[in-house]
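Colleague: Be aware that the sequence shown starts at 1, since it is given in full-length UniProt numbering, and climbs by one per residue.
By construction, the Cβ of each residue, glycine as well, lies at the ideal position given by its N, Cα and C atoms.
All values derive from a computational prediction rather than experimental measurement.
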Amino acid sequence: MDVIPDWLASLDDEDISFIKRFILSSGSLKEVASSYGVTYPTVRLRLDRLIQKIQVAEDTSNDPYVSLIKRLAINEKLDFDTAKILINEYKKIRTGV
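Here it is, written out as structure tokens:
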């Protein structure tokens, strides 16, 4: 593989480490939770956020601004309701509605 996929390149070092630990534990969230010293729900939330990051990176239909807003919301730099408002207003401006 000569080229790193965009979705993989979009992940930070923590995400890559989590994926490695997840794979080495044969996908056992219980084992991952134990190795991190956190609860199962905490690991599940981390996995869900990672899935969302990958989905956003893979969604080529989004324009760069919408993708940025979604990434900020996933990374909890922006709350979900504010992200929705920003995306909706941006879409209104772009469509002239």
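1) Do residue 54 and the ligand FAD come close, with the Cβ less than 6 Å from some heavy atom?
2) Nearest to residue 21 by alpha carbon, out of 35, 91 and 12?
3) Between which residues of its own chain and residue 30 is the CB-CB distance below 7 Å, once the five residues before and five after are set aside?
4) Can we say the region 42-56 touches the region 5-20, given the rule of at least three CB pairs closer than 8 Å?
5) Looking at the unbroken alpha helix (DSSP H) that takes in residue 64, where does it start and where does it end?
Modeller: This is what the structure holds:
1) The model on display carries no ligand, and the ligand FAD is accordingly not part of it.
2) Nearest neighbour of residue 21 by Cα position, chosen from 35, 91 and 12, turns out to be 35.
3) Taken in chain order, the residues that qualify are 40.
4) Three or more Cβ pairs drawn from the region 42-56 and the region 5-20 lie within less than 8 Å of each other, which places the two stretches in contact.
5) First-last of the alpha helix (DSSP H) with residue 64: 64-74.
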